[in-house]
Structure formats: structure tokens, C-alpha cells
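For this note's numbering, add 1190 to where a residue sits in the sequence shown, where the first one is 1. What follows is a set of notes on a single structure, which appears directly below.
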Amino acid sequence: QWLTAKIGTSGGGVYGGGNFGWADLSGGKGNTPALDTQLQGAGQCNLPALNTQIGTTGNKASLADAWNSRFGITTNKTTGVTDFTGFAYTSTTWTAQSNAYNGTSTDSKGTSQPNFLAARKAYQPYQGDSVTGLSTKGTAASQATYQAGADRRLVLAPIVDCSTFSTPGTHQANVTGWACVLMVDPMQQGGNIDTVHLEYRGDSSLPGSPCATQGMPGASTGVGPLVPVLVQ
């Protein structure tokens, strides 16, 4: 299932006035530099506990480079480490618009396309704006860069009740759980700041979650699946 992550400038107020879907997981003020660091850096180890209020206002269009760094898409800036593949899934490149992780689909021309696991195995680059129908205004990294990449597009995302934002002036909601999601498409630049999507891959605490390799052993109240560990 594809979910709306960040709504576009003309998103119709899905999250209520001023809310575009961003959340600062560091517990900070949610300013743009903090989110930029989380997107381009190594991630956030100390995640907000359940029932913690999170959320930050603004479209934050300048985060496009940071978001797109995980797809290996670069402009004129130094960006963070890319995933092993930058292959993007949009309504044009993956007409099924679901199960891009390990499913099957064709593009809008009827040509079979690789799912995320297959694209990763082949270190497939971002296809380019002319193919995806997006306007990232960037170029794909070299295959060597993707080969030297990391697990950057399977991420943890907080689960919140978005109906909370329907109350005027509300910009935060309680964390009710954590989901494992796949970043399916890059963020557009300039006047094309449109919606970006995540593919829901299940509760992050379930055994077999694709996000199981993230984090470290912890308490039973953690956000990941239960795993066996050795203790002394």
C-alpha cells in the first residue's frame, strides 16, 4: 500500500493547515536543518517513545536534496550516502502503485519493471526525470556509488492519528506505533513540490520485518521485532 508521506503545495490540506507530513524524530524543534541532518546522516537512534507528541509545520521544500540523496540523485550539493538503488516507483514507472518492494508491474508503456529487491541486486540507478515524469532537476550517481551504498530506503516511520490535525491550530500528534516503510519516489524541486510516497511494509515489531536489521537489541518495548541475543 502506498501512503502519502509529504503532501504537495496543492495537497488540499490533507493534514490540516500548515501541516505537510514532516516530523522531527530527534525531539528537537523540527527546524529544517535538523530534518536535513536526519535525512542525510546516519539516522536517529533514540526514537520518540509511544504517546510522545511529534510533528512540525511547513512544506520545507529545501529538503529535496536531502530526501533525494537516498536515491543517489545529486544536484550541485554534497549529499549523504545513497541506497543500493535509486530506482524510483511512480504511477508512470510502476502502474500497479503497490508492492514495489517485491511485487510485479509494468510501466505506462507496458514494459515489465524490476521491483525494489531486484533493482537493489542490480544496483540500478535513478532512471532520470524524463522516464519518471518527475522534476528532481538532478542526476543519478554512478553505479560504483550505488554499489558502495547502504540500506537507506527502508526506514522506520511513526504511526499517528492524522485526524488530530483537523482541529485548527493542531500541529502535533501522539506516536501510537512504528511502521516499516519503503521510500518509493524522490521529491521534486522548485515549482513542482508535489506529494512523495512511502510503501507500508507492516508493523516494525513483527518478525520478518524488512526493517529488522535496523537498530540494536533493546527492551521489549522497542520499535523493532524480537530477536535472540546473548547476555552475560
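Glycine included, C-beta positions come from ideal geometry on N, C-alpha and C. Here the structure is a predicted model, which is why all the values come from computation and not from measurement.
What are the boundary residues of the alpha helix (DSSP H) that includes residue i?
i: residue 1390; result: Careful: residue 1390 lies outside any alpha helix (DSSP H), inside the beta strand (DSSP E) at 1386-1393.
i: residue 1306; result: 1306-1311
i: residue 1223; result: 1222-1230
i: residue 1322; result: 1319-1322
i: residue 1337; result: 1333-1337
Considering only C-alpha positions, which residue in the set the options is nearest to residue i?
i: residue 1286; options: 1276, 1275, 1301; result: 1301
i: residue 1320; options: 1252, 1378, 1197; result: 1378
i: residue 1305; options: 1292, 1316, 1311, 1298; result: 1292
i: residue 1210; options: 1192, 1247, 1390; result: 1247
i: residue 1212; options: 1401, 1235, 1254; result: 1254
i: residue 1205; options: 1355, 1395, 1369, 1282; result: 1355
i: residue 1322; options: 1274, 1221, 1282, 1312; result: 1282
i: residue 1370; options: 1264, 1361, 1395, 1353; result: 1395
i: residue 1264; options: 1315, 1310, 1225, 1307; result: 1315
i: residue 1324; options: 1260, 1386, 1225, 1251; result: 1386
For the beta strand (DSSP E) containing residue i, name the first residue and the last one.
i: residue 1284; result: Here residue 1284 belongs to no beta strand (DSSP E), and DSSP marks it neither H nor E.
i: residue 1194; result: 1192-1196
i: residue 1346; result: 1344-1349
i: residue 1372; result: 1367-1373
i: residue 1209; result: 1209-1212
Determine the direct distance from the alpha carbon of residue j to that of residue i, and round the result to whole angstroms.
i: residue 1258; j: residue 1243; result: 27 Å
i: residue 1398; j: residue 1366; result: 21 Å
i: residue 1380; j: residue 1197; result: 15 Å
i: residue 1279; j: residue 1207; result: 28 Å
i: residue 1344; j: residue 1357; result: 32 Å
i: residue 1233; j: residue 1384; result: 24 Å
i: residue 1271; j: residue 1340; result: 7 Å
i: residue 1230; j: residue 1299; result: 34 Å
i: residue 1294; j: residue 1359; result: 42 Å
Can you have a look at residue i and say buried or exposed, based on whether 16 or more other CB atoms are within 10 angstroms of its CB?
i: residue 1195; result: buried
i: residue 1191; result: exposed
i: residue 1223; result: exposed
i: residue 1235; result: exposed
i: residue 1303; result: buried
Item to check | At least three beta-carbon pairs within less than 8 Å, the stretch 1347-1360 to the stretch 1321-1334 | outcome: No, they do not touch.
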